[in-house]
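Here the structure is laid out as structure tokens; the discussion comes afterwards.
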Amino acid sequence: MTSVTTNLPLQYQREILDEILAEDGFLILSRGLGLRSIICALLKIYSHTNHLVILLNTPANEEIIIKEELAEMGVRKPGLRVVNNEMGAKERSELYLSGGILSITSRILIVDLLTKRIPSYLITGILVNHAEKVNETSIEAFILRVYKEENQEGFIKAFSDSPESFTGFSPLQTTVQYLQLRKVFLWPRFHMTIRECLEERKVEVIELYQPLSNSMNDIQSAILECIEACVAELRKTNIAWLDIEDLTVEQAFFRSFDHIIRQQLDPVWHRVGQKTKLLIGDLTMLRKLLTYLVSYDCVTFHSFLETILASQTPSSKLSQQQQSPWIFMDAGNTIFSVAKSRVYLRETQKNIVECDDDDGNGDNDKRKGKKPDKLGYPPGIVPVLEELPKWGLLAEIVNEIELEIESLSGLPPSDEEESNNIILIMAENERECSQLREYLSTMHKGLEEGQGRGGPLLRRLLQNYFKWKGDITKVSENLFNSSKNSVQSEDSPESSNKKATSSESKKQYQRGQQPPNKRRRVRGGSVAAAASSTRTTVSIIEEEAKEIANFINSNITSFATSSVQKEASKTNEIYDDDEFDAKAFSTYFGLLPLQSLVIIRPISGDDDRMLEALKPKYIIIYHPDQRFVRRVEMFRAIHPGISCKVYFMIYENSVEEQRYLSVIRKEKEAFEKLIYEKSVMAIPLGKPKIISRNPADMFLRTTNTRIAGGREIVQPIAHKIIVDIREFRSSLPSLLHAHGIEILPCTLKVGDYILSPDICVERKSISDLIGSFISGRLYTQCETMSIYYKQPVLLIEFEQNQTFTLQAINDLKSDININDISSKLVLLTLTFPRVKIIWSSSPHATVQIFEDLKESRDEPELETAQSIGIENEDFPDYNLSPQDILRALPGITAKNYKHVMSKVENLRELTELSLRELQILIGVENGKKLYEFLERNVKK
8 MTSVTTNLPL
18 QYQREILDEI
28 LAEDGFLILS
38 RGLGLRSIIC
48 ALLKIYSHTN
58 HLVILLNTPA
68 NEEIIIKEEL
78 AEMGVRKPGL
88 RVVNNEMGAK
98 ERSELYLSGG
108 ILSITSRILI
118 VDLLTKRIPS
128 YLITGILVNH
138 AEKVNETSIE
148 AFILRVYKEE
158 NQEGFIKAFS
168 DSPESFTGFS
178 PLQTTVQYLQ
188 LRKVFLWPRF
198 HMTIRECLEE
208 RKVEVIELYQ
218 PLSNSMNDIQ
228 SAILECIEAC
238 VAELRKTNIA
248 WLDIEDLTVE
258 QAFFRSFDHI
268 IRQQLDPVWH
278 RVGQKTKLLI
288 GDLTMLRKLL
298 TYLVSYDCVT
308 FHSFLETILA
318 SQTPSSKLSQ
328 QQQSPWIFMD
338 AGNTIFSVAK
348 SRVYLRETQK
358 NIVECDDDDG
368 NGDNDKRKGK
378 KPDKLGYPPG
388 IVPVLEELPK
398 WGLLAEIVNE
408 IELEIESLSG
418 LPPSDEEESN
428 NIILIMAENE
438 RECSQLREYL
448 STMHKGLEEG
458 QGRGGPLLRR
468 LLQNYFKWKG
478 DITKVSENLF
488 NSSKNSVQSE
498 DSPESSNKKA
508 TSSESKKQYQ
518 RGQQPPNKRR
528 RVRGGSVAAA
538 ASSTRTTVSI
548 IEEEAKEIAN
558 FINSNITSFA
568 TSSVQKEASK
578 TNEIYDDDEF
588 DAKAFSTYFG
598 LLPLQSLVII
608 RPISGDDDRM
618 LEALKPKYII
628 IYHPDQRFVR
638 RVEMFRAIHP
648 GISCKVYFMI
658 YENSVEEQRY
668 LSVIRKEKEA
678 FEKLIYEKSV
688 MAIPLGKPKI
698 ISRNPADMFL
708 RTTNTRIAGG
718 REIVQPIAHK
728 IIVDIREFRS
738 SLPSLLHAHG
748 IEILPCTLKV
758 GDYILSPDIC
768 VERKSISDLI
778 GSFISGRLYT
788 QCETMSIYYK
798 QPVLLIEFEQ
808 NQTFTLQAIN
818 DLKSDININD
828 ISSKLVLLTL
838 TFPRVKIIWS
848 SSPHATVQIF
858 EDLKESRDEP
868 ELETAQSIGI
878 ENEDFPDYNL
888 SPQDILRALP
898 GITAKNYKHV
908 MSKVENLREL
918 TELSLRELQI
928 LIGVENGKKL
938 YEFLERNVKK
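So in our numbering, spot 311 of the sequence shown is number 318, and the numbers just go up one at a time.
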């Protein structure tokens, strides 16, 4: 045990490992405190071949990290082996018998457990990663239930670093039951052992609070005003359906807000009005805008806003009820106008700040846009190009670190051998990293040219923006022209008159006026005025887009020529000859010295390993993240000899700061609730029981009132259902097994569930049903079920706690269209009258339906169900070449080609059959396809 625990350098990690080894339990640890290292240390203990330990619920990227970390611990041969769909069944069986530690996909493991491909008695234990995702219908709960039924001696250990997922009405107790556990281990950040361990050697942190610019502050205030208006409207319209306490502006800052709202509205979603659905979508969009405001540059943020505005214009065929209300608010107008003023202004606008050119460097002329052609901008455009405030602060920090490195370079080296001068900058994502790399690499060039540090980057983005805007205009014109051509010819005089009339009416409509043939009474003038101002803004944007498109098209040749010349000159400078020069190659490529290395990386799950590999002296946290801050604390506690200096950057009085503080507060409150729930939680005595079925249902099953008044117990019949392997992605097999039905998994060619020798069920969710109608797959499935089974069934299953309706009331139309889902269902029943359609409100209801269908019926045979639909490729009496030609014809499928070969003598006889004879032979639709193909004129 001592040799293993030495792999964990911190005291609290070793105590957690000893605690989880002593007893099976559920570990909940704060984020960023090394949960993966604890799992790896536990896997190393059972890495010998005499054990078989399975790691569940681990994504592919985490599997790679765990495998590398185990290799660093000395677990290399064989190490952690991954089992996925690329490995065959025979290879998996041999791997299970060899033992070791395995990471297996949940769907593959449950199939191997049910088919006895993996002996349950050989499994030493199961480790469940990300246990917050385990619920009643998850495959992981299904696996643990089957495992405990067959192996009472094996251990189960679960892990999670998301305490917020277990708050609510006793979710911790229910999760522990699904995990088949009785013990819970809680280790928050404020735990005494963790606090003493991490605060013994504190990190030197320099907190830098950067205020937002005035324009960014105005945009943020406007977005918050729009969010507050949307939340107030949501509280007003859905008081009976929503929990008012959850509808706050602060909750709207997080992604979980959407999940909370949808979870409450899903059961009544068909009764929710269009306005409420629109408000929920607007809150999601406004939250994105808050994030993009501090992470996107001004050009990208403005282009994103233009896409939103373009999608809400009347030209997109949206009614006024389908347009987002926040766009018509004064705050919405502020968002668009201020975002545009951050990028560029027009020469005719009066809000350009004119400053005196006292220093003689031409800054005033540059701000007024005296040379648009040289810069590549359309005429009349005055670029503003406001930099993100954090960019300048980051440049100052890097310059300060460089000066500090230069001042310390002359001093004698210290005894700290691990110390270096690496500058590590941590950003939110890879997009932000590439942006910061370009900014830091071009800021010196921008200062030399008098454009500011971010001048080269922003000017490149602005040129790309103008080109994008010109391309968008051409696309819209092509779409508009094609739509007009489909209606009538452009050369006719009637079409020209109609064009003039439509253009005049369009202009009038864009100015906010009513169509001439409509009269409508409007209450008040606020909405109409807002719509009028928005449409005026849209018309201005369209006019600017046309001007930009004309400018780009007129100068595209010169731009292309100059860019080609630049690339050619760069190529000639680098590649003067074709001979390989090793000295020149080593000059351009090679290892960079650690003293001048600046690394920019996104925050990810392997930051602790990255810190161990680099051991940076300077860390700049560009994006505040709770997990990475704690990993830096761990890094400092592990390496007390490294003098690490941390710069923590955050926008002052911003949503970014509010989110960071709210995440810390929510985690603390979640652990406090979990500590209280653990103290009052009802723990089952003895070993955890397997929840297989309702006791009341068991009593009714085993009692028959017709025999001695119910005093005699009837032996229950063990029902069996054959399930297709692909169906284990859903929750229905788990619920069937929980109700005492034996599941027989196999690969089925026909149907998804075989309830009896005569009943075959094809299960479809709503999304799958729509997709099957579009692709035509459902027609083939119903056809094959009708051929091989007496009672084919189409099961349309809805999700749990969601509306039980195919179409919302607001989506119902006055006329019936052939493309509607209801019309397609009617055509399906007319084509296949023997196919019965069953509507199920949830997977739980499906279980009851299956039990009723199996009542007093024979059990299905596994071998028979597997053999149905499987093609026999051994045809000694038929020639292969005509057979291949036959199978390539339209209407000939894998289900009917053998029938065709048995009825016709050769291909010539097949081509001479009439339409009626072909339809009798292979069906109505397939016969029509084949007949049209055979009678087609090849000269047309």
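Cβ coordinates follow ideal geometry from the N, Cα and C atoms, glycine included.
Buried or exposed for residue i, going by 16 or more other Cβ atoms inside 10 Å?
i, result
"K624", "buried"
"G930", "buried"
"G940", "Per the sequence shown, residue 940 should be read as Phe rather than Gly. Burial call: exposed."
"Q217", "buried"
"W67", "For the record, residue 67 in the displayed sequence is Ala; it is not Trp. A67 comes out exposed."
"R196", "buried"
"W846", "exposed"
"L4", "A query on residue 4 cannot be resolved here, the shown segment of the chain reaching from 8 to 947 and no further."
"F811", "exposed"
"T314", "exposed"
"M792", "buried"
"Y393", "First, the amino acid is wrong: residue 393 is Glu here, not Tyr. Counting Cβ neighbours within 10 Å, E393 comes out buried, since at least 16 surround it."
"I877", "exposed"
"A725", "exposed"
"R21", "buried"
"Y683", "exposed"
"A229", "buried"
"P889", "exposed"
"M336", "buried"
"K431", "It is Leu, not Lys, that sits at residue 431 in the sequence shown. Buried, since its Cβ has 16 or more Cβ neighbours within 10 Å."
Comparing C-alpha positions only, which one of the options sits nearest to residue i?
i, options, result
"P897", "Y938, H906, L312 and F264", "Y938"
"R467", "V82, V350, K935 and P764", "V350"
"C290", "L316, E240 and E22", "Just to set this straight, residue 290 is Leu in the shown sequence, not Cys. Comparing Cα positions, the closest option is E240."
"K476", "E409, G399, P385 and L431", "P385"
"T244", "N221, A229, L401 and I287", "I287"
"E4", "E445, G86, F655 and L109", "Residue numbering for the chain in the displayed model covers 8 to 947; residue 4 lies beyond these limits and cannot be assessed."
"S220", "G81, W398, P16 and C651", "W398"
"S874", "H309, T787 and I761", "I761"
"P840", "C789, L914, V605 and E942", "C789"
"M617", "G339, L739, E76 and K97", "E76"
"L28", "E676, V636, S110 and C47", "C47"
"E354", "V391, V183 and S318", "V391"
"E870", "Q890, L751 and N944", "L751"
"Q227", "T787, K209, F260 and H198", "F260"
"N813", "L104, Q184 and L832", "It should be pointed out that residue 813 corresponds to Leu in this sequence rather than to Asn. Nearest of L104, Q184 and L832 to L813, Cα basis: L832."
Could you give the distance in angstroms between the alpha-carbon of residue i and the alpha-carbon of residue j?
i, j, result
"L116", "V345", "56 Å"
"I45", "G461", "44 Å"
"S331", "C233", "11 Å"
"L24", "V730", "40 Å"
"K622", "D613", "14 Å"
"L928", "T131", "58 Å"
"S63", "L188", "Sequence check: residue 63 is Leu here, not Ser. Straight-line Cα distance between these residues: approximately 16 Å."
"K295", "T56", "50 Å"
"F192", "S416", "49 Å"
"R733", "T754", "8 Å"
"M433", "S441", "12 Å"
Spell out whether any CB of chain B is found under 9 Å from the CB atom of residue i.
i, result
"R638", "The question asks about chain B, but that chain is absent: this structure has only one protein chain."
Discussion item. Whether or not the stretch 638 to 657 and the stretch 611 to 629 are in contact is what I'm after, with contact meaning three or more pairs of Cβ atoms, one per stretch, closer than 8 Å; do they touch?
Written reply: Segments in contact, yes.
Discussion item. Please give the ranges of any beta strand (DSSP E) in the stretch 111 to 194, keeping only runs that are unbroken, at least 3 residues long and fully inside the region.
Written reply: Runs found: 132 to 135, 162 to 167 and 191 to 194.
Discussion item. Just to confirm the assignment: which complete alpha helix (DSSP H) runs, minimum length 4, are found wholly within the stretch 726 to 783?
Written reply: Correct list: 739 to 745 and 773 to 782.
Practice prompt. Report yes or no: do three or more beta-carbon pairs, one from the stretch 86 to 104 and one from the stretch 22 to 41, lie closer than 8 Å?
Written response: Taking 8 Å as the limit for Cβ pairs, the verdict is that the stretch 22 to 41 does not touch the stretch 86 to 104.
Item to complete: Count the C-beta pairs between the stretch 166 to 184 and the stretch 138 to 154 that are closer than 8 Å, then say yes if the count reaches three, no if not.
Response: The stretch 166 to 184 makes contact with the stretch 138 to 154, as at least three CB pairs between them are under 8 Å.
Practice prompt. Pick out the complete alpha helix (DSSP H) segments inside the stretch 603 to 640, 4 residues or longer, and give them in chain order.
Written response: At a cut-off of 4 residues, the continuous stretches assigned as alpha helix (DSSP H) that sit fully inside the stretch 603 to 640 are 614 to 621.
Discussion item. Pairs of beta-carbons, one from the stretch 427 to 447 and one from the stretch 399 to 419, closer than 8 Å: are there three or more?
Written reply: A contact exists between the stretch 427 to 447 and the stretch 399 to 419.
Discussion item. Please give me, in chain order, every unbroken run of the alpha helix (DSSP H) with length at least 4 that falls completely inside the stretch 789 to 863.
Written reply: Counting only unbroken stretches of 4 or more residues, the alpha helix (DSSP H) elements lying wholly within the stretch 789 to 863 are 828 to 838 and 850 to 860, in sequence order.
Worksheet item: Any contact of the stretch 799 to 811 with the stretch 756 to 772, i.e. 3+ C-beta pairs under 8 Å?
Response: In the pairwise beta carbon analysis, the stretch 799 to 811 is classified as touching the stretch 756 to 772: at least three pairs are separated by under 8 Å.
Worksheet entry | Any 3 or more C-beta pairs closer than 8 Å across the stretch 145 to 164 and the stretch 107 to 123 | Yes: the two stretches touch, three or more of their Cβ pairs being nearer than 8 Å.
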